[in-house]
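If you want my numbering, it's the 1-based position in the sequence shown plus 10.
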Amino acid sequence: MTSLAAALETTAIALIRRRYSCRVYENTPIDHSAQAQLSDFFTSHPTGPLGTRVRFSLVAATDDDRESLKGLGTYGMIKNAAGFLIGAADVGARNLEDLGYRLEQAVLLATELGLGTCWLGGTFSKSGFARRIDLAAHEAMPAVVAVGNAAEGNRARDWVRRSAGSDQRLPWERLFFDESFANPMTGEQSRNYAEPLEMVRLGPSASNKQPWRVVHRQGVWHFYLQRTKGYGKGSLAFKLLRLADLQRVDMGIALCHFELAARELGLTEHWVVEEPDIRKPDQCTEYTVSWKP
Ligand SMILES: Cc1cc2nc3c(=O)[nH]c(=O)nc-3n(C[C@H](O)[C@H](O)[C@H](O)COP(=O)(O)O)c2cc1C
11 MTSLAAALET
21 TAIALIRRRY
31 SCRVYENTPI
41 DHSAQAQLSD
51 FFTSHPTGPL
61 GTRVRFSLVA
71 ATDDDRESLK
81 GLGTYGMIKN
91 AAGFLIGAAD
101 VGARNLEDLG
111 YRLEQAVLLA
121 TELGLGTCWL
131 GGTFSKSGFA
141 RRIDLAAHEA
151 MPAVVAVGNA
161 AEGNRARDWV
171 RRSAGSDQRL
181 PWERLFFDES
191 FANPMTGEQS
201 RNYAEPLEMV
211 RLGPSASNKQ
221 PWRVVHRQGV
231 WHFYLQRTKG
241 YGKGSLAFKL
251 LRLADLQRVD
261 MGIALCHFEL
271 AARELGLTEH
281 WVVEEPDIRK
291 PDQCTEYTVS
301 WKP
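Structural data, given as C-alpha cells:
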C-alpha cells in the first residue's frame, strides 16, 4: 500500500471534514510527486468495493502548458483547473456506486496532498473527457473531478455554492433511522457509529440533494437511495441532457465516507447485498447495500 493510501486509514475523518467543492484554482500545475501518487493509487485499486472493474486517469497540465487540457470543457463552472480525474466503470449492477466510492477516495487523497477538488456530473463536456480515457461502449463515465491548487478566497466568492446551498446539510432525523423508516435516529441510538454517519452527512452530492438514507436494525446498517423526484433516472431533464444517474454516484461517495470513518475507528464490518424486510417510504426509495458484521 502506498503511504498516501495509508493516510486514508488514519486521517479520513479529518480529510472528509476539510474537503469542499473548489471552483477557482491558481494558474499553477499540480506538483509532479502529487500526480505520481494519485496515479499510483488508481493503478493499485482496479475494482470497487462492490466488485465492479473501474479505471481512472489523471489528465494534468504540464508546467507552462495548458494545451493538454484542451477540449476538457466545464461550461465556465470551473476556473483554471490544473487537471481532471476521469473514471470509467465497467457494466455491473452497482457500477456507478463503485465509481463514486473509488473516485471519492482519490478526492480525499488529493485533499491530503493539499489540493482542491470539485466533482462534476452535469457541467462537463462528455465527448472530450471520453476521448481522454478511451471510453469503451460498455463503460460508464458519469462524472469527473476537477483538481488543482485552490485559489485564495475561492470558497467565499463562489456563487454556485451559495445557490446550491452547499454549506447546508439535512438534519440527522431526515437521514438516519432505527429499526424502520418510521423512527428517526437520535444521537444516542447511533452507538459507536455516530462519526461514520456524520461523515455520510458531510459528503458531497449532485446539486447537494443528499439522497442517502441509512436504517439500523439488529447490528446491521442498511443503505437506501432516496431519489429526488424529477432528478435522475427516467426524468425528462436527465434524458434530454443525457446525464448519468448521479444519485447512485452520490451513494458511492457516502459508502466511501462511512467505511473509511468506520475503519479509522477500528470497526470491522463489511458490505453485503442482502435487502432486509424493511418497508420503504415510497417508490423513490431503493435499497443499495448493507454494512454487516
Ligand atoms: C456526483 C456529483 C456531481 C456534481 N456535479 C457538479 C457540477 O456539475 N457542477 C458543479 O459546479 N458542482 C457539482 N457538484 C458539487 C456539488 O454541488 C457539491 O458537492 C454540493 O453542493 C455540496 O457542496 P460541497 O461539495 O462544497 O460540500 C457535484 C457533486 C457530486 C457529488
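Heads up, the beta-carbon is just placed ideally off N, CA and C, and yes, glycines get one too. Since the structure is predicted, the reported quantities are computational estimates derived from the model, not experimental observations.
Q. What are the complete alpha helix (DSSP H) segments, minimum 4 residues, inside the region 178 to 216?
A. 182 to 185, 204 to 211
Q: Closer than 7 Å by C-beta to A146: which residues in its own chain qualify, once you throw out the five before and the five after it? Chain order, please.
A: none
Q: Determine the DSSP secondary structure at S300, reduced to helix, strand or coil.
A: strand
**Q.** Host beta strand (DSSP E) of G97 (start-end)
**A.** 93 to 99
Q. Can you find a heavy atom of ligand 1 that lies under 8 Å from the Cβ of V170?
A. yes
Q: Go to L235, then tell me how far its beta strand (DSSP E) extends in each direction, as first and last residue.
A: 230 to 236
Q. Alpha carbon to alpha carbon, how far is Y234 from Q228?
A. Using only the alpha carbons, I get a separation of about 17 Å.
Q.
Please classify S13 as buried or exposed, where buried requires at least 16 neighbouring CB atoms within 10 angstroms.
A. exposed
Q | Distance, Q236 Cα to E296 Cα | A | 7 Å
Q) Is P303 near ligand 1, with its Cβ less than 8 Å from a heavy atom? A) no
Q) If you count every other CB in all the chains shown that lies within 10 Å of the CB of P291, and 16 or more means buried, which is it? A) exposed
**Q.** Range covered by the beta strand (DSSP E) that runs through T21
**A.** Not the beta strand (DSSP E): T21 falls in the alpha helix (DSSP H), residues 13 to 28.
Q. By Cβ distance below 6 Å, which residues in the same chain neighbour A44 in space, the five residues on each side in sequence not counted?
A. L123
Q. Is it the case that the CB of N218 approaches a heavy atom of ligand 1 more closely than 8 Å?
A. yes
Q.
Which same chain residues end up closer than 7 Å to E19 when comparing Cβ atoms and leaving out the 5 residues on each side of it in sequence?
A. Same-chain partners within the cutoff: R273, E274.
Q: Report yes if the CB atom of L119 is closer than 9 Å to the CB atom of V155, and no otherwise.
A: no
Q: Compute every distance between the C-beta of Y30 and the non-hydrogen atoms of ligand 1, then say whether any falls below 8 Å.
A: At least one heavy atom of ligand 1 is nearer than 8 Å to the Cβ of Y30, so yes.
**Q.** Member of H232, I96, P221 whose CA lies at the smallest distance from the CA of F187
**A.** Nearest to F187 by alpha-carbon distance, out of H232, I96, P221, is H232.
Q: Using 10 angstroms around the beta-carbon of A192, count the other beta-carbons present and answer buried if the total reaches 16, otherwise exposed.
A: exposed
Q) Mapping DSSP to helix, strand and coil, what is H55? A) coil
Q: Could you tell me whether the region 209 to 216 touches the region 259 to 271, where touching means 3 or more Cβ pairs closer than 8 Å?
A: Under the 8 Å Cβ criterion, the region 209 to 216 counts as touching the region 259 to 271, having at least three qualifying pairs.
**Q.** Proximity test, R33 beta-carbon vs ligand 1 heavy atom, cut-off 8 Å
**A.** Yes, since a heavy atom of ligand 1 falls inside the 8 Å radius drawn around the Cβ of R33.
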